[in-house]
Amino acid sequence: GDSVTQKEGLVTLTEGLPVMLNCTYQTIYSNAFLFWYVHYLNESPRLLLKSSTDNKRTEHQGFHATLHKSSSSFHLQKSSAQLSDSALYYCALSLGGNYKYVFGAGTRLKVIA
Amino acid sequence: DMKVTQMPRYLIKRMGENVLLECGQDMSHETMYWYRQDPGLGLQLIYISYDVDSNSEGDIPKGYRVSRKKREHFSLILDSAKTNQTSVYFCASSSTTEVFFGKGTRLTVV
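So the protein lines, in turn, are chains G and P. The numbering of the first sequence is this note's numbering, which starts it at 1016 and goes up by one. The numbering of the second sequence is this note's numbering, which starts it at 73 and goes up by one.
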């Protein structure tokens, strides 16, 4: 079945350093959409980024990700971490329409001063 | 105002008691979900509903059932709660391009 893998459970970074959270996926379908959701404490998880076409970068709120179908990856990056970026980040896959969303295990990003 | 509302936000129940978690959405979305969130496991799909009375099991349906009698409401029921059902439960609804989540219900079964 379809799956999403986020290998890092916890990433701890010093403020100002670059962020990279890994996401790989498995699906037999070529039309998969990938997403990054961010979950701040005591809030609802919300959409951060959505994939575009293959090898095209998408950006939002300083974060960016590029869908690479050749390596089945959609890594989340940011050039400089801020304390306010500390949150739980989920990578997710969907085929669109009414197809279910499959979430990875999540990566907790902790940014320290 | 696009919103998914969950009630209650916090709940403590004794083992063996029945639990009802309620969820509403104001976006007329056909598809709704119940997930549970556990550390290291992420968001696990319990049930998905494609519309009124059109529900399907997700990845971890055992011990749960759902009810969807109106498009805007989706309930999760635990008959005879168990301690391993202590978790944070998230309801969500989706358009074709995005999932919208509620704030979660923290359930503790003692």
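Backbone N, C-alpha and C fix where the C-beta goes; we use that ideal spot for every residue, glycine too.
query: Interface partners of G/G1111 on chain P, CB under 7 angstroms; result: T168
query: Alpha-carbon to alpha-carbon, P/K154 and G/F1050; result: 33 angstroms
query: Short-range partners of chain G found in the region 143-177 of chain P, where Cβ spacing is below 9 angstroms; result: F162, A164, S166, T168, T169, E170, V171, F172, F173, G174, K175, G176
query: Contact with chain P by G/P1033, beta-carbon distance below 8 angstroms; result: no
query: Near-chain G residues of the region 95-112 of chain P - C-beta to any C-beta below 9 angstroms; result: E102, T103, Y105, Y107, Q109, P111, G112
query: From P/P80, P/V181, P/N156, P/D125, residue whose alpha carbon lies closest to that of P/M104; result: P/D125
query: Identified DSSP bridge partners for P/F162; result: P/Y107
query: Contact with chain G by P/I132, beta-carbon distance below 8 angstroms; result: no
query: Pick from P/Y82, P/A164, P/T158 that is closest to P/D110, judged by C-alpha positions; result: P/T158
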